[in-house]
Ligand SMILES: [Ca+2]
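Numbering (my numbering), first residue to last: 36 to 533.
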């Protein structure tokens with residue numbers, strides 16, 4: 036048997052004592068340059084360039100502003116030396132998934148402008164606010180899910196639906212979005228015939244996957260996707276033939292330098308990485324990818340409209356994998372202290388094992404009627420959901436996987452008004468919490484109240500308690516109060532949700 040020499044043993048013994056390479060802090064600013072040195076006074080311009088410099092233990096600090104990038108972190112940290120990507124103190128960097136529409140706008144009619152745009156947008160923003168694709172009935176800008184407008188069918192079948200008071204335009208070629216049958220999930224169908232005498236809309240293909248999801252009377256629906264439906268401020272439409280984007284801005288003013296369009300793709304990927312922490316990095320029109328990640332942390336990040344699905348085939352979506360606004364698999368990851376608003380499907384989606392969602396506010400998610408839960412952990416083993424608040428989910432609020440825990444999580448449905456009844460489909464509370472048979476509930480609140488509190492509160496104007504992760508302080512906790520260094524401190528602030 037070969038034995039180690041005395042010198043080998045001595046050298047091996049020294050290895051753990053060898054000094055680590057000193058951690059480096061780099062800076063990025065939208066007004067910087069990737070040709071710069073990346074120092075505080077000479078920051079890089081793009082997050083991706085800065086991320087490419089990072090080794091374990093390094094820190095990347097982002098100054099405020101919009102970064103129109105899809106960032107991929109392609110190196111992992113270690114337990115002893117995690118990689119840290121964080122906002123500069125007091126600043127708000129935003130990863131933006133949509134692209135600025137920079138063409139020359141011309142007036143189509145009235146306040147409707149158009150410009151060249153080559154691809155079908157899934158989302159269009161003006162001044163950072165999500166707009167509605169041209170639709171009927173008209174609806175407020177996406178914000179409060181309970182204000183989302185729809186109508187109720189007079190009748191329906193696998194091949195068509197009837198509504199006597201459709202708008203006085205030809206809807207042939209437009210799309211209908213319908214919460215069909217027992218309203219588990221929405222369906223999109225292009226309209227191939229519009230009978231104005233009867234109000235009958237014929238679908239391009241049947242809705243017949245299961246008998247309980249066949250359209251019928253009193254199914255909620257809206258129609259969208261035709262220029263004739265662009266008749267209100269805050270609406271857009273894209274012409275696939277002329278490749279033109281049409282926009283009526285919310286204030287009616289010209290759209291130059293105000294409009295972005297995109298497909299709600301990933302704006303930050305930590306996929307496959309381990310020991311990477313992201314703090315205070317917000318996003319608009321794009322989602323965070325933590326698939327197959329290990330021990331990564333997303334802390335104090337606020338995402339708006341991270342995912343969107345324009346048309347889909349209802350129940351055929353299941354059980355295919357899908358994306359949450361923050362989409363997590365792998366194990367040991369933590370999502371905390373931030374918010375997800377206006378997601379098309381789930382706000383946070385967990386798979387894998389031992390992942391945690393803590394102190395998150397999930398507001399107004401599920402806009403696309405896919406009925407994915409606001410926080411969906413049904414495929415995650417030993418998930419923990421703690422101190423979260425869920426406001427106005429369109430379908431299910433929470434799902435739980437095996438051996439998971441919900442602690443002090445508040446779930447708040449829309450008020451039980453007639454308008455809400457029309458948009459919730461299944462009644463005020465049905466389907467709100469779904470447990471798998473093996474779920475172990477350990478949830479009680481600190482005060483001994485039930486862990487699930489269904490309220491008919493019309494509106495909650497602020498997030499949950501502002502809490503600092505490290506010192507557990509509440510209120511206006513500042514990093515200085517935490518006694519932490521500026522680069523390693525948690526960002527403690529949350530923001531009001533209207
Ligand atoms: Ca309209």
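Virtual Cβ for every residue (Gly too), placed ideally from N, Cα, C. The model shown is predicted, which means the values in this text are computed figures rather than measured ones.
Is there at least one non-hydrogen atom of ligand 1 closer than 7 Å to the beta-carbon of residue i?
i           : result
residue 170 : yes
residue 217 : no
residue 265 : yes
residue 173 : yes
residue 421 : no
residue 104 : no
residue 270 : yes
Could you pull the DSSP bridge partners for residue i from this structure?
i           : result
residue 334 : 314 and 371
residue 362 : 324 and 384
residue 151 : 279
residue 542 : There is simply no residue 542 to check, as the chain begins at 36 and stops at 533 in what is shown.
residue 127 : Residue 127 is not bridged to any residue.
residue 93  : Paired residues: none, contrary to the question.
residue 161 : 164 and 294
residue 191 : 196
residue 120 : 95 and 313
residue 110 : Its beta-bridge partners do not exist; DSSP assigns none.
residue 274 : 279
residue 142 : 148
residue 357 : Paired residue(s): none; residue 357 is not in a bridge.
residue 100 : 128
residue 343 : Per DSSP, none; premise fails for residue 343.
residue 186 : 256
residue 303 : 106 and 323
residue 135 : 295
residue 60  : 94
residue 84  : For residue 84, which the question treats as bridged, DSSP gives no partner whatsoever.
residue 171 : 258
Rounded to whole angstroms, how far is the Cβ of residue i from the Cβ of residue j, which I believe are closer than 8 Å?
i           : j           : result
residue 329 : residue 365 : 5 Å
residue 220 : residue 405 : 6 Å
residue 393 : residue 422 : 6 Å
residue 110 : residue 120 : Residue 110 to residue 120, Cβ: 12 Å. No contact.
residue 361 : residue 338 : 7 Å
residue 250 : residue 228 : Contact flag wrong, Cβ pair sits at about 15 Å.
residue 61  : residue 99  : So it is not a contact: roughly 16 Å between Cβ atoms.
residue 357 : residue 407 : 6 Å
residue 212 : residue 257 : 6 Å
residue 321 : residue 132 : 3 Å
residue 388 : residue 417 : 6 Å
residue 253 : residue 154 : With 8 Å as the limit, residue 253 and residue 154 do not qualify as a contact, their Cβ atoms being about 37 Å apart.
residue 89  : residue 318 : In fact, because the Cβ distance is near 19 Å, the residues do not count as touching under 8 Å.
residue 305 : residue 128 : Not a contact, Cβ separation roughly 16 Å.
residue 279 : residue 134 : Actually they do not touch by this definition, with Cβ atoms about 16 Å apart.
residue 186 : residue 175 : At roughly 15 Å, the Cβ-Cβ gap does not stay under 8 Å, so residue 186 and residue 175 are not in contact.
residue 398 : residue 374 : 6 Å
Let me see if you follow: with CB-CB separation under 8 Å, is residue i close to chain C or not?
i           : result
residue 336 : Looking for chain C here will not work: only one protein chain is present.
(request) Kindly provide the ranges of any alpha helix (DSSP H) runs that are 4 or more residues long and lie completely inside the stretch 391-431, ordered along the chain. (result) none
(message) Which complete beta strand (DSSP E) runs does the stretch 207-267 hold, if anything under 3 residues is left out?
(response) 210-214, 221-230, 235-238 and 255-259
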